[in-house]
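Below is one structure; the comments refer to it alone.
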Amino acid sequence: SQQGEEDPQALSIQEGENATMNCSYKTSINNLQWYRQNSGRGLVHLILIRSNEREKHSGRLRVTLDTSKKSSSLLITASRAADTASYFCATDAFTNAGKSTFGDGTTLTVKP
Amino acid sequence: DAGITQSPRHKVTETGTPVTLRCHQTENHRYMYWYRQDPGHGLRLIHYSYGVKDTDKGEVSDGYSVSRSKTEDFLLTLESATSSQTSVYFCAISRDRVDEQYFGPGTRLTVT
Chain W
1 SQQGEEDPQA
11 LSIQEGENAT
21 MNCSYKTSIN
31 NLQWYRQNSG
41 RGLVHLILIR
51 SNEREKHSGR
61 LRVTLDTSKK
71 SSSLLITASR
81 AADTASYFCA
91 TDAFTNAGKS
101 TFGDGTTLTV
111 KP
Chain V
1001 DAGITQSPRH
1011 KVTETGTPVT
1021 LRCHQTENHR
1031 YMYWYRQDPG
1041 HGLRLIHYSY
1051 GVKDTDKGEV
1061 SDGYSVSRSK
1071 TEDFLLTLES
1081 ATSSQTSVYF
1091 CAISRDRVDE
1101 QYFGPGTRLT
1111 VT
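Going down the list, the sequences are from chains W and V.
If you're matching positions, the first sequence starts at 1 in my numbering and goes up one per residue.
If you're matching positions, the second sequence starts at 1001 in my numbering and goes up one per residue.
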């Protein structure tokens, strides 16, 4: 069953603009993580946000979590061509701890 | 990069043959995971391990078995490969069950 679902499926922006992608999930979670995947490569961990946290920052990345709406957003500020990748959210459900469920991802293209 | 290697990196095999993929880590992490990723989709958990000889099924475990006889090695076996198992397989590790995961480079398996 699909726990995390990203929106939009694809996003194309100009370098320097901000990129926002969203993740919705269905059941209560312990934590939510965001990963990046460059074409043909493995996933790289970006940020982990726990269910009792509302916002986390890491460099140009900002993640928010709204447990009442069962949703999270990833904001990339001042995007660069190197940010072109697919971005996935992964949820660790409270009732299924240790088994992260990944969404289908958002494909971000940043044009120079 | 976390010390995770996967072998082989590419494999082509025929339907009905057994296949074993190997994941090796040098981080001494307790948890290890096998995922598959199909075109345009996120990762789906096949099996995971929470210690030597301790494994559990994931979302898509049918047709796959795993073994972990040492902390550093986690093997995924397809007893009789089918065309539906053509995919990219990723291994991941984590310190704890609700911790961030670090991914290997992937194995591209084609079953003809």
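Heads up, the beta-carbon is just placed ideally off N, CA and C, and yes, glycines get one too.
These numbers were taken from a predicted model, which means no experiment stands behind them.
Ranked by how close their Cα comes to the Cα of V:Tyr1035, the residues V:Ile1093, V:Lys1011, V:Glu1079 and V:Ala1081 have V:Ile1093 in first place. Just so you know, the alpha carbons of W:Glu5 and V:Lys1011 end up roughly 31 Å apart. In terms of Cα proximity to W:Ser72, the closest of W:Cys89, W:Val110, W:Ala81 and W:Ala82 is W:Cys89. Taking a cut-off of 8 Å on C-beta distances, the segment 1093-1110 of chain V touches the segment 39-47 of chain W, as three or more cross pairs fall below it. Only those residues of the segment 47-74 of chain W whose C-beta falls short of 8 Å from the nearest C-beta of chain V are listed: Leu48. Counting the other Cβ atoms within 10 Å of the Cβ of W:Ser12 gives fewer than 16, which makes it exposed.
Within the DSSP secondary-structure output, W:Ile47 pairs in a beta bridge with W:Trp34. One Cα belongs to W:Gln9, the other to V:Val1052, and the distance between them is close to 38 Å. Out of V:His1029, V:Thr1026, V:Glu1079 and V:Leu1075, the CA that lies nearest to the CA of V:His1047 is found in V:Leu1075. The Cβ atoms of V:Gly1058 and W:Gly105 do not sit closer than 9 Å to each other. Per DSSP, the beta-bridge partners of W:Asp66 are W:Ser71.
Under DSSP, V:Arg1022 takes part in a beta bridge, and its partners are V:Ser1007 and V:Leu1075.
It is roughly 11 Å from the alpha-carbon of W:Lys26 to the alpha-carbon of W:Thr101. For the pair V:Gln1037 and W:Asn52, the Cα-to-Cα distance works out to about 30 Å. Taking a C-beta cut-off of 7 Å against chain W, the contacting residues of the segment 1097-1108 of chain V are Arg1097, Val1098, Glu1100, Gln1101, Tyr1102, Phe1103, Gly1104, Pro1105 and Gly1106, listed in chain order.
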